[in-house]
Amino acid sequence: MDLSWMAWTWQTATFFGVILLLLVGMTVWEWASPGGAPRHGVLGLDTTRGDRLFISLLGSAYIHLAWLGLVGPNLWWALALSIVYAIGVFRFV
Amino acid sequence: MDKTWNNKAWFMVLPVLVLVAFNAIIPLMTVVNYSVQETFGNNLFFFEGVKWFQEVLNSPRFHASLLRQFAFTGLILLIEVPLGVAVALAMPRSGPWVAVCLVLMSLPLLIPWNVVGAMWNIFALPDIGLLGYVINAMGISYNFTSQPLSAWFTVVLMDVWHWTSLVVLLAYAGLVSIPDAYYQAAKIDGASRWSVFRFIQLPKMKRVLTIAMLLRFMDSFMVYTEPFVLTGGGPGNATTFLSIDLVKAALGEFNLGIAAAMSIIYFLMTLLVSWLFYTLMTQSEAEG
């Protein structure tokens, strides 16, 4: 199947690969250690593990955009901040 | 009784998943690919990293269209939601007029968007359109093709005409589902008309109003056809909303990289607002 019309680059392929791996990882995690029932967190929301992944990914996208707009194109610190944010979300939200 | 869980039911979702993959996920992946590259045609692409995102985020043109978009959506919500509730409250709950009102309310929703734009374009023209002629005859200078304020007034009025009915129908559905016993109890207590609205009707309409606000937010935030047919984004850039700006960049200027970066930022905004509305709705359902 020719996918050249999608104009793939290895960077974007890695990006989507990581998201796919996260989804597979979440499935394996839930299968190995069920615990996906909603939990009441610090934001006052009932969230499942899937919700927390979504909040982490969406928040990370905004962190990267904010970094890009306010600081500059070197996004490694934004990535580090996003990982800290995601850990916080999974731990407390 | 305990619920029966059968994970095989997930296979039933598979056709939808395949459909969504083809019409949403794969095109979205392509947009992400375009957003980090430059192309000069012939299917030749050059990697540019996050350059387009940075350019869009620091572009005064993007800031201006984003501001116009938020102003338009804010105005639409401020006008259409209270107006829709007021009309729904004024509609009869029983009798032959119910059907008449419902049909009248549904009519604007059945008209295709480009037809609405064309209709209002002719209706509001200052020389041959009824609306334009009447406003000018009242001594108010009005010309939506050359005055930004007139253009905004016409675009907002057109949207209110087209979409308030949706809020009316949803609010009405919420109102007719309130059992008579509530009104009888309020009457016994000697509640005023305002108290009935504040403590019975409004709480009972909360869910449908949240849905109405979500739908109106999303639709007005992504509005394209009606203002494009009416004003083409003008005069100048006065009614160039995000979607019109996006189409100008993608198809008018063939700036695929910038347009793709704009699309992703636009998509993230709608995704955040949808999630907020969805969370508010499901959380209040769980509590109530």
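These protein sequence lines are chains A and B, in that order.
Quick note: the first sequence uses the numbering used here, first residue 52, plus one each step.
Quick note: the second sequence uses the numbering used here, first residue 3, plus one each step.
Every residue gets a Cβ at the ideal spot worked out from N, C-alpha and C, and that includes glycine.
Model, not experiment: these values are computed from the prediction.
Could you tell me if residue i is buried or exposed, where buried requires 16 or more neighbouring beta carbons within 10 angstroms of its beta carbon?
i, result
"E228/B", "buried"
"N9/B", "exposed"
"W165/B", "buried"
"A126/B", "buried"
"S167/B", "buried"
"N123/B", "buried"
"E255/B", "exposed"
"V18/B", "exposed"
"D161/B", "buried"
"A11/B", "exposed"
"G51/B", "exposed"
"L116/A", "buried"
"M14/B", "exposed"
"A90/B", "buried"
"W127/A", "exposed"
"I267/B", "buried"
"D129/B", "exposed"
"L258/B", "buried"
"R200/B", "exposed"
"S222/B", "buried"
"T78/A", "exposed"
Quick one: what does DSSP say residue i is sitting in, helix, strand or coil?
i, result
"R95/B", "coil"
"Q39/B", "strand"
"T98/A", "strand"
"F219/B", "helix"
"F48/B", "strand"
"A251/B", "helix"
"S245/B", "helix"
"N25/B", "helix"
"F256/B", "coil"
"T233/B", "coil"
"T60/A", "coil"
"G141/B", "coil"
"D53/A", "coil"
"S197/B", "helix"
"Y226/B", "coil"
"G139/A", "helix"
"N8/B", "coil"
"G192/B", "coil"
"V210/B", "helix"
When you compare only the Cα positions, how much space is there between residue i and residue j?
i, j, result
"V33/B", "S265/B", "8 angstroms"
"T75/B", "D247/B", "16 angstroms"
"Y36/B", "T241/B", "27 angstroms"
"W61/A", "R142/A", "32 angstroms"
"L68/B", "L244/B", "6 angstroms"
"A120/B", "L106/B", "21 angstroms"
"A173/B", "T233/B", "31 angstroms"
"F24/B", "M31/B", "11 angstroms"
"T21/A", "Q285/B", "As shown, chain A starts at 52 and ends at 144. That puts residue 21/A outside it, with no answer to give."
"W80/A", "G68/A", "18 angstroms"
"R90/A", "R100/A", "9 angstroms"
"I113/B", "W163/B", "11 angstroms"
"P205/B", "T65/A", "48 angstroms"
"L104/B", "S107/A", "44 angstroms"
"A129/A", "Q56/B", "14 angstroms"
"L46/B", "G92/A", "48 angstroms"
"I213/B", "N145/B", "35 angstroms"
"A112/A", "A187/B", "51 angstroms"
"L133/B", "P29/B", "42 angstroms"
"L171/B", "V75/A", "42 angstroms"
"I137/B", "S143/B", "8 angstroms"
"Y184/B", "S197/B", "12 angstroms"
"S179/B", "L211/B", "14 angstroms"
Please list the partners that residue i has in chain A, where partner means a Cβ-to-Cβ separation under 7 angstroms.
i, result
"I260/B", "Within chain A, no residue comes near I260/B; the closest Cβ sits about 14 angstroms away, beyond 7 angstroms."
"F47/B", "A58"
"Q56/B", "L119 and P124"
"T281/B", "L96"
"N60/B", "G120"
"Q71/B", "None at all; the shortest Cβ gap to chain A is about 17 angstroms."
Closer than 7 angstroms: is that where the CB of residue i sits relative to any heavy atom of the ligand PLP?
i, result
"I78/B", "Looking at this structure, you won't find the ligand PLP or any other ligand, since it has none at all."
What residues from chain A crowd round residue i, counting only those whose CB sits closer than 9 angstroms?
i, result
"L270/B", "L109, A112, Y113 and L116"
"I267/B", "L116"
Could you work out which residues of chain B lie near residue i, taking near to mean beta carbons separated by less than 8 angstroms?
i, result
"T78/A", "Those within 8 angstroms of T78/A in chain B number zero; the least Cβ separation is about 11 angstroms."
Mind pulling the chain B residues with CB within less than 9 angstroms of residue i?
i, result
"F67/A", "M31 and V34"
"L71/A", "The contacting residues do not exist; L71/A stays about 11 angstroms from chain B at best."
"S84/A", "Residues of chain B passing the Cβ test: none, with the nearest at roughly 17 angstroms."
"S55/A", "N45"
Quick one: which chain A residues come within Cβ less than 8 angstroms of residue i?
i, result
"V38/B", "T60, Q62 and T63"
"L244/B", "The premise fails here: L244/B is roughly 15 angstroms from chain A at the closest Cβ pair, so nothing lies under 8 angstroms."
"L274/B", "L109 and Y113"
Every unbroken alpha helix (DSSP H) inside the stretch 97-137 of chain B [4 residues or more]: 99-112 and 115-126
Alpha helix (DSSP H) runs contained entirely in the stretch 79-133 of chain A, provided each spans 4 or more residues: 100-121
Going residue by residue through the stretch 143-189 of chain B, where are the continuous alpha helix (DSSP H) segments of at least 4 residues, counting only ones entirely within it? 150-178
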